[in-house]
Amino acid sequence: MPKPRREKQNHLIYADVVDSKSKAGVWMGERASFRDKQARILEALKDRTDWVNLEGAVMVISAEPAGLTVIAPNPTLPGVIVLSDGGSPAASARLQADAEDKVRAVMAELGSPKRKRRPDPMATPQLLWGKYFQYDRDGEAVLLDPITLESVLLDSGEVSDLAGVSPTATHLALAGLGFTQDGPADDRREALHHRLHTLGIDPTPRRISGLRVVLTDRCNMACTYCFVDTNTGKPDMTEQELAAGLEFLFEQNAGQEEVSIQWFGGEPTIRFDLMQYGDELADTLAARYGVERVRRTVVTNGARLTDEALDHFVQREYGVGISIDGPPGINSANRLLLGGQPADDRIRRNVRRLVEAKGLHVGCNLTPTASNIGRLAESVQWIIDDLGLKFIYVNTPIPTGGKWRVNGAELARELYEARLTALGKGGMLFSVLDRAFQALDTRRPMLFDHMQGDRSLNAALLPGDRVSVCDINFTEPSFLHTLDELRADPALLTSATKKVAPIPACGDCPALAICGGPSRNEQALIGGNTPDPQMCAFYTSTLAVAVWDNTGVQ
Amino acid sequence: MSAPARTALVSTAGHCEVACSFCFRADRARGFLTIATYTRALSRLKETGVEGVCLTGGEPTHHPELRQLVRLALQFGMTVSMVTSARSEAEVSALAEVAHLLTNVTVSADSQGAMALGRTTRTAASAVTTLDAVDTPSKVLHLTYWDVEGEEATQLAGLVAGKGINVQLSPVLVSEDALRRDGRSIQDALRQRARDTASLGQHLRLSNGYRSYLDDLRRMQLTKEEIHPCRSVTLYVSAKGEVRHCPYGTSEISVHASRTEIRAFLDAPATDRVVPDCAAICRPASRDCAA
Ligand SMILES: C[S@@+](CC[C@H](N)C(=O)[O-])C[C@H]1O[C@@H](n2cnc3c(N)ncnc32)[C@H](O)[C@@H]1O
Ligand code: SF4
Ligand code: SF4
Ligand code: SF4
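Structure below.
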């Protein structure tokens, strides 16, 4: 029986979505083997969680966030059921995600010998019936509908059925799951637009809810790949400009739950005075405009950290992201001080101070480079074990000099390995790879980089009374507007809005609904409509990784 | 083979601000027990059959996340008790806030002689005030005593009368060296203890268990022999997350070790030997904290 990928929007993952009534006989026959596997999964989970036994299941007890997660073997199917309760929907969701990730990591580690191999992101899928993509591996296959994002796992018998004369049992079963041979293969770009419309997914942003504040272009480091023009001699942001930018942010978000402010540069801590000034002002503005919460983060290279700044971060409950690409050898391949010396020792000392300070959320921003690709899992292991940073955010490579500097397919595979390594060590690795997993799990296209689910945008506030509606490009003229222009014409927010699937090639691409075509920024940086081949290799490979991440289906 | 432990004494902080000079506490590092370590400890202990924890010092009411400590243990299906010296308003209100979730609260006090000896201020009267302010099914006043006159014993009995407060007793143990410095001998100390016990016995009903415990203690002190291997069924968890059979013990395992290692440690017989000092920190069968 073809096994459709489980849908994972609700509490239950790996639950029974196949017609198990008529198939009960088959499943029951396999019961002994999957029960044994389930027992091993639970046992392995016990090693890495705090739990108490329930009859035949475990309840994991967490303090951060506080809550309970019941993990139970599915009695009639392979896989386990995960149910979390954290008191609030947000906390429940976090617990649920944590637990599912742990389950997946354990499953992947245990994996039956046959499935020990990692997904092969290099494999190119074949088109089936003019509309589905078929990923083959060792006789098995996954069928993917690139528009609805439904996917189905076929065993080798079923794969050969498909090549036989229709209708076989497999053809019928697939039809039951919505995979049919008939019907014209629509223009898939059209179909995607239609799908977005049906799901109510709109690419146009409604408002700016967060500012990345570029205080200065000065920097005490000179990283080879930096997308910012640093130390140009241009003036820093002034207090007046900062005040005007924050006023705009709060005014646009009057009565909202949250706005976010991220201090950025160059190296933002060089203008710590402005951060202090802005934080004070933000409090006043939040009260005036009825904004409930201000989320504050800073992105820093960590080479310099004064006691004063550390205290300030703690007091304001900052999220601190430190940019480190891996252990010293790897990091200093691209990240060096202005004078050309490595800063690894200093950064390491400062990370320790940050980690030891209470109340800070400290994470690592890792940029994929030619030095850490090939050693990403190792780098992540070092970051977690040696630096003690458990949250790792992998920057999406931004093209420099007109092209992608990393091998996209390799990056996708590396991210997958690194993610498992992080999970196995109790850490979390966030990257664009998650987009493919989420899209397949929820059947929703994931196309936008800088826009939140509520269609609010993160923009960059720049010195010289300018806002860039793309927060990773501070120079492209079509992205830059003054505050007054934005106030007068909110439609300007769309100047960086992605044109979904802008080129015909996207229509033939399996990753259509998880990439959606190059963003305006990609196009600006590459200098043309044609996406960088490494970018396409990256997105198609993340998808190939995700379709085979069938740890839930076993 | 030691009997499997049913309860664990959990140290909530490496430091203690009460700082009794006769305190025999095993660990004195600074720092509170972290929630992550504690949760791990509960999980690993529960797995091996521990059914209740007793939160102890430092001073548990100083722990910034006391409520969370209590709540978590309950989530693990364990009973929670507490031994505390709470007296100040802040301490008592921290205690009162969680008291209804506790199985038992034991408030420590010192007899007047013990107060003088240990330079403490934990009177029995103030302990009763604390106990009056809390709402738990079981309340215990733990009295560490030395040199108790008849009158003090009468007062003590009056303090707890009709309040449903049980009294637990521990004699102060003065080391042989300290005795010698005072120009006294073990025999002198034992005679003092006998007098104290007699005074207390006139007003409180001493259990047979306690009397035989005193006999054991006396025998140990006189013969200076290790009488028997420890059979305490209470485990100890330090604020840094080390599990020991005995608070004093040198063999320990971190709660963060693998489950197999922890089980092996707990299954192996305890090698600790009961010595007179044990009285100051834990009595066999864990009567300090009836969890
Ligand atoms: C531009 S820096 C500014 C803040 C600070 N100086 C720092 O390094 O954290 C912000 C982040 O962008 C990352 N970054 C720089 N150039 C990049 C590129 N070409 N592609 C992806 N990320 C890049 C850096 O590694 C860093 O994590
Ligand atoms: S430290 Fe940050 S801003 Fe400075 S050069 Fe490196 S990446 Fe760019
Ligand atoms: S990966 Fe390339 S071809 Fe595919 S949708 Fe994205 S831009 Fe288009
Ligand atoms: S009775 Fe003595 S040896 Fe046993 S646990 Fe208590 S202090 Fe340790």
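Going down the list, the protein sequences come from chains W and D. Take the first sequence: its letter number 488 is residue 488 in this note's numbering, and every next letter is one higher. Numbers in this note's numbering are just positions in the second sequence, counted from 1, shifted up by 1000. Note that CB positions come from ideal geometry on N, CA and C, so glycine has one too.
Item	Value
Could you check where the beta strand (DSSP E) with Asn-365/W kicks off and where it finishes?	361-366
Any idea if Val-1098/D is buried or exposed, counting beta-carbon neighbours within 10 angstroms, 16 or more meaning buried?	buried
Is Ala-57/W helix, strand or coil when you go by DSSP?	strand
Please check if any C-beta of chain D sits within less than 9 Å of the C-beta of Cys-53/W.	According to the sequence shown, residue 53/W is Asn rather than Cys. True, the Cβ-Cβ gap to chain D drops below 9 Å.
Threshold first: 3 residues or longer. Then list the beta strand (DSSP E) segments lying entirely within the region 279-318 of chain W, N to C.	293-300
Closer than 8 Å: is that where the CB of Thr-540/W sits relative to any heavy atom of ligand 3?	yes
Buried or exposed, going by whether 16 or more other CB atoms sit within 10 Å of the CB of Lys-358/W?	exposed
Please indicate yes or no: does the CB of Met-221/W lie closer than 8 Å to some heavy atom of ligand 2?	yes
Report the partner residues of Ala-333/W according to the DSSP bridge assignment.	None; Ala-333/W has no bridge partner.
Interface residues of chain D around Lys-425/W at Cβ under 7 Å?	Chain D residues near Lys-425/W: none, gap ~13 Å exceeds 7 Å.
When you measure from the CB of Ser-519/W to every non-hydrogen atom of ligand 1, does any distance come out below 8 Å?	no
If you count every other CB in all the chains shown that lies within 10 Å of the CB of Ala-537/W, and 16 or more means buried, which is it?	buried
Under 7 Å Cβ-Cβ, which residues of chain C neighbour Asp-47/W?	This model lacks chain C altogether; the protein chains it does include are W and D.
Counting only beta-carbon atoms, is Arg-1040/D nearer than 9 Å to chain W?	yes
Compile a chain-ordered list of the residues in the region 65-93 of chain W whose CB is closer than 8 Å to at least one CB of chain D.	Ala-66, Leu-68
Looking only at its own chain, which residues have a Cβ that is under 6 Å from the Cβ of Gly-424/W, when we skip the five neighbours before and after it?	Ala-105
Along the alpha helix (DSSP H) that carries Asp-1196/D, what are the first and last residues, could you check?	1186-1203
Answer yes or no: does any C-beta atom of chain D fall closer than 9 Å to that of Ala-105/W?	no
Run through DSSP, which three-state label would Pro-113/W get?	Its pLDDT being 40, under 50, Pro-113/W is placed unreliably by the model, and the measurement read from it follows with that caveat. In the structure shown, Pro-113/W sits in a helix (DSSP, three-state: H, G or I).
Is Ile-61/W close to chain D, meaning its C-beta is less than 9 Å from at least one C-beta of that chain?	yes
Quick one: does the C-beta of Ser-260/W sit closer than 8 Å to a heavy atom of ligand 1?	no
Determine the closest residue to Thr-1121/D out of Arg-1087/D, Asp-1132/D, Val-1053/D, Ala-1013/D, with distance taken between C-alpha atoms.	Arg-1087/D
Return yes when the Cβ of Val-1243/D is within less than 9 Å of the Cβ of Ala-1008/D, no when it is not.	yes
Indicate, with yes or no, if ligand 3 has a heavy atom lying under 8 Å from the CB of Met-555/W.	Because chain W here runs from 1 to 554, residue 555/W falls outside it and cannot be looked at.
Tell me the DSSP secondary structure of Ile-472/W in three-state form.	coil
Does the structure place the region 190-198 of chain W close enough to the region 143-158 of chain W that three or more beta carbon pairs sit under 8 Å?	yes
So, does the CB of Ala-1124/D fall closer than 9 Å to a CB anywhere in chain W?	no
When you measure from the CB of Met-428/W to every non-hydrogen atom of ligand 3, does any distance come out below 8 Å?	no
Between which two residues does the alpha helix (DSSP H) holding Asn-350/W run?	344-356
Does the region 385-394 of chain W come close enough to the region 359-371 of chain W that 3 or more CB-CB pairs lie under 8 Å?	yes
Can you name, in chain order, every residue of its own chain whose Cβ lies under 8 Å from the Cβ of Leu-12/W, other than the five neighbours on each side?	Caution is warranted here: a pLDDT of 29 is assigned to Leu-12/W, below 50, making its placement in the model unreliable, and the coordinate value is therefore given only provisionally. The residues are Ile-81, Val-82, Leu-83.
By DSSP, does Lys-390/W sit in helix, in strand, or in coil?	coil
Looking only at its chain, what residues have a beta carbon closer than 7 Å to the beta carbon of Arg-115/W, apart from the 5 residues adjacent to it on each side?	With a pLDDT of 39 at Arg-115/W, under the threshold of 50, the predicted position of this residue should be treated as unreliable, though the coordinate-derived value follows. Same-chain partners within the cutoff: there are none.
Exposed or buried, Ala-1013/D, counting other C-beta atoms within 10 Å across all chains shown (16 or more means buried)?	buried
For chain W, find out if any of its Cβ atoms is closer than 9 Å to the Cβ of Gly-1201/D; answer yes or no.	no
Taking Cβ-Cβ distances shorter than 7 Å, what residues in chain W pair up with Phe-1076/D?	Val-52, Ile-61
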